[in-house]
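Student:
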Amino acid sequence: MQVEGLSINLATIREQCGFAEAVDICLKHGITAIAPWRDQVAKVGLDEAVRIVKSNGIKLTGLCRGGFFPAANDADWQKNLDDNRRAIDEAAAFSADCLVLVVGGLPGSSKDIVAARRMVFDGIAAVLPHAQAAGVKLAIEPLHPMYAADRACVNTLGQALDLCEQLGEDVGVAVDVYHVWWDPDLANQIARAGRMKRIFAHHICDWLVPTKDMLLDRGMMGDGVIDLKGIRRMVEAAGFFGAQEVEIFSAENWWKRPAEEVIATCVERFRSCC
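Okay, so the sequence shown: first residue is 1 according to UniProt numbering, each after it adds one.
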């Protein structure tokens with residue numbers, strides 16, 4: 001039986017299986033929407049990954065990831081732009097709903113976060129024409145402030161939407177509950193995103209208490225403190241009814257379990273907790 005409204009970000013079972021096997025497991029459990037990572041695609045090859053997706057009638061709720069724009073020198077800057085253009089081409093090959101942008105943090109030894117955020121704007125502006133020509137939407141994913149230095153200097157939905165307003169209609173946001181659940185202005189900003197029609201993706205997992213690793217200890221839905229149903233109501237009230245995409249990094253728990261068990265649990269928790 002097909003599970004409507006659920007997508008699996010393939011990072012959730014990245015340690016257990018490769019691209020083709022992950023797709024097979026999702027299909028076995030009635031899931032026909034996924035979001036792969038570029039390294040997972042590269043291991044099987046873009047052409048083969050696209051063939052697998054299209055032959056099975058699979059939808060990509062996103063491709064992870066582009067971004068990481070800030071650079072310490074001109075050569076690295078150009079390298080980052082070129083990589084983002086390749087990521088756009090890959091997303092286009094899949095007809096993905098969006099390319100998720102994790103925008104990057106402080107380059108090199110810099111302590112200038114204002115300059116880093118300026119480079120994020122300039123970087124997205126530089127690759128946006130390529131994305132528009134390819135028919136690919138760019139989804140800025142604001143990350144929790146604990147990642148501001150090394151992964152993303154855009155840390156609130158409000159910041160991300162400010163960028164969207166400046167950049168144009170083909171730039172939106174990925175609302176990842178892990179990163180935004182704590183924001184006291186979340187309801188207002190989700191409503192704002194809805195008015196702008198800029199919600200391109202909705203990612204789910206849970207925040208564990210305590211969290212033992214700031215990157216690799218995300219929780220399965222229902223095991224933590226995030227009001228998943230409440231945030232879903234906000235997102236749907238804002239006009240987004242796309243699939244909820246499970247994205248779990250869990251080095252000491254879910255990555256150690258059989259992939260079949262993980263996906264079966266995702267389905268059960270999606271139905272009961274989301």
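Beta carbons: idealized from backbone N, C-alpha and C, even for Gly.
In whole angstroms, what separates the C-alpha of residue 353 from that of residue 207?
Tutor: Since the displayed the chain opens at 1 and closes at 274, residue 353 lies outside it and no answer follows.
Student: Quick one: grab the DSSP three-state call for residue 26.
Tutor: Three-state result, residue 26: helix.
Student: Consult DSSP for residue 256 and reduce its assignment to one of helix, strand or coil.
Tutor: Three-state DSSP puts residue 256 in a helix.
Student: Would you call the region 235-244 and the region 255-263 in contact, with 3 or more CB pairs under 8 Å?
Tutor: Too few Cβ pairs lie closer than 8 Å, so no.
Student: May I ask you to report which of helix, strand or coil DSSP gives residue 6?
Tutor: Three-state DSSP puts residue 6 in a strand.
Student: Buried or exposed, going by whether 16 or more other CB atoms sit within 10 Å of the CB of residue 119?
Tutor: So residue 119 ends up on the buried side.
Student: On the three-state DSSP scale, how would you describe residue 245?
Tutor: Note: residue 245 maps to strand in three-state DSSP.
Student: When you compare each of 172, 213, 39 and 142 to residue 125 by their alpha carbons, which one comes out closest?
Tutor: Nearest of 172, 213, 39 and 142 to residue 125, Cα basis: 172.
Student: Counting along the chain, where does the beta strand (DSSP E) carrying residue 65 start and finish?
Tutor: 63-67 is the extent of the beta strand (DSSP E) around residue 65.
Student: What three-state label does DSSP hand residue 53 in the structure shown?
Tutor: Residue 53: helix per DSSP, three-state reduction.
Student: For the alpha helix (DSSP H) containing residue 179, name the first residue and the last one.
Tutor: Residues 177-180.
Student: Would you list, in sequence order, the uninterrupted beta strand (DSSP E) runs of no fewer than 3 residues that lie entirely inside the region 85-109?
Tutor: If we require 3 residues or more, the beta strand (DSSP E) runs fully inside the region 85-109 come out as 99-102.
Student: Locate the beta strand (DSSP E) running through residue 149, then write down its first and last residues.
Tutor: That residue, residue 149, is in no beta strand (DSSP E); it is neither H nor E in DSSP.
Student: Pull up the CB-CB distance for residue 66 and residue 99, whole angstroms please, since I reckon it's below 8 Å.
Tutor: About 5 Å; that satisfies the 8 Å criterion.
Student: Am I right that residue 202 and residue 235 are in contact with their C-beta atoms under 8 Å? What's the rounded C-beta distance?
Tutor: Sure, about 5 Å apart at Cβ, within 8 Å.
Student: For residue 186, collect the residues of the same chain with a Cβ closer than 8 Å to its Cβ; drop the 5 residues on either side in sequence, then sort them by chain order.
Tutor: These residues qualify, in order along the chain: 157, 180, 231 and 234.
Student: Use the C-beta contact count for residue 104: other C-beta atoms within 10 angstroms, 16 or more gives buried, fewer gives exposed.
Tutor: Flag for residue 104 reads buried.
Student: Measuring straight from C-alpha to C-alpha, what distance separates residue 5 and residue 114?
Tutor: Looking at the two C-alpha atoms, the distance is approximately 38 Å.
Student: Look up residue 219 in the DSSP assignment and say whether it is helix, strand or coil.
Tutor: Reduced to three states, the DSSP call for residue 219 is strand.
Student: Determine the closest residue to residue 196 out of 271, 45, 216 and 238, with distance taken between C-alpha atoms.
Tutor: Taking only the C-alpha atoms, the option nearest residue 196 is 238.
Student: Only counting the same chain, and skipping five residues up and downstream in sequence, which positions put a Cβ closer than 6 Å to that of residue 71?
Tutor: Within the same chain, residue 71 has close Cβ partners 77, 80 and 107.
Student: Name the residue from 151, 161 and 93 whose alpha carbon lies nearest to the alpha carbon of residue 133.
Tutor: When only C-alpha atoms are compared, the closest one is 93.
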